[in-house]
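Below: one structure, written as structure tokens.
Residue numbers (our numbering): 13 to 324.
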């Protein structure tokens, strides 16, 4: 009974970890002309894992399988999720170079390039557990063949990219242009590193563009957003270590309108995802054909909001 007492102590596990360092940065601005600015920046940064990724915990989820009616030995019996308490923060050297041009009409045109050289970047693994894996984790041998999920420091990675931003009134095209404002901005990333790196949260391609019409008492804005494919969680059982779930590319249109009755009272109406674009999740690796990649499709519908807004 005394031997059972420590494992049954609520929140009885204790883990102590500390790290420190210096992270300097340098920022330089050059006013090349009255309306032209060149910027350069260098910084050393670090990224800590989320608390939920390092708090000690192991979860075993067993699939509901009747082996008497399903003798297939390749059937996955369940999933083991192991949190890595030894997961360390990654560090990076960041370099940014941008140029900004400001127009006489209050607009801005800017473009930039950047690169982030990361050491000790996070990796995500999802694989069929071997006898060696199970022995290392101290689990029973019956868990051999189950799916094992965990995170680790996978090694070096590089994130490079370009970005741009445009915002400009069309008043230079004539009187009618006084009522129109256009904008566009976008980012393109190049993600370089090992196949097991965890790129969740990095979307390689993002593009936003739109137009605003404003003539009292009416203001209308149309905004489009394109998001390219984005890697999510790793997937076991597809034959390669570079198999992940992927959020499919999509383009959404949002509309906003406002009618101002008085200086303090106005009516507004907003519509999100006007054309009800469906969200797709794929599961694929380097050996997965396109026709077999689709995992699920989600339909959230178009969302509409309208109301009266007052300032008193």
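Note that CB positions come from ideal geometry on N, CA and C, so glycine has one too.
{"Query": "Contact under 8 angstroms by Cβ, residue 311 with residue 293", "Result": "no"}
{"Query": "Start and end residues, alpha helix (DSSP H) containing residue 214", "Result": "Neither: residue 214 is in no alpha helix (DSSP H) and is coded neither H nor E."}
{"Query": "Residue range of the unbroken beta strand (DSSP E) whose run includes residue 92", "Result": "90-94"}
{"Query": "Ordered list of alpha helix (DSSP H) runs contained in the stretch 127-194, each at least 4 residues", "Result": "143-149"}
{"Query": "Assumed close pair residue 182, residue 192 - CB separation to whole angstroms, cut-off 8 angstroms", "Result": "4 angstroms"}
{"Query": "Cβ neighbours of residue 173 in the same chain (closer than 7 angstroms, five flanking residues each side left out)", "Result": "126, 199, 200, 201, 202"}
{"Query": "Alpha-carbon to alpha-carbon, residue 39 and residue 99", "Result": "31 angstroms"}
{"Query": "Rounded C-alpha distance that separates residue 102 from residue 166", "Result": "10 angstroms"}
{"Query": "Residues near residue 290 in its chain [Cβ-Cβ closer than 7 angstroms; skip 5 each side]", "Result": "309, 310, 311"}
{"Query": "Residue 241 to residue 222 span [Cα, whole Å]", "Result": "21 angstroms"}
{"Query": "Distance, residue 132 Cα to residue 268 Cα", "Result": "44 angstroms"}
{"Query": "Segment limits, alpha helix (DSSP H) that includes residue 300", "Result": "It is not in any alpha helix (DSSP H) - residue 300 carries neither H nor E in the DSSP assignment."}
{"Query": "Separation of residue 71 from residue 147, as counted between CA atoms", "Result": "17 angstroms"}
{"Query": "Span separating the alpha-carbon of residue 124 from that of residue 135", "Result": "28 angstroms"}
{"Query": "Where residue 270 sits in the DSSP three-state scheme", "Result": "strand"}
{"Query": "8 angstroms contact criterion, which residue 270 and residue 231 should meet: CB distance rounded", "Result": "5 angstroms"}
{"Query": "Stretch pair the stretch 104-111 + the stretch 47-64: three plus CB contacts closer than 8 angstroms", "Result": "yes"}
{"Query": "Per-residue DSSP class, three states only, for residue 324", "Result": "coil"}
{"Query": "From 233, 179, 243, 219, residue whose alpha carbon lies closest to that of residue 213", "Result": "243"}
{"Query": "Proximal residues to residue 151 (C-beta, below 7 angstroms), its chain only, five neighbours per side dropped", "Result": "none"}
{"Query": "Reference residue 180, options 137, 149, 122, 162, closest by Cα", "Result": "122"}
{"Query": "Residue 140 beta carbon less than 8 angstroms from that of residue 248", "Result": "yes"}
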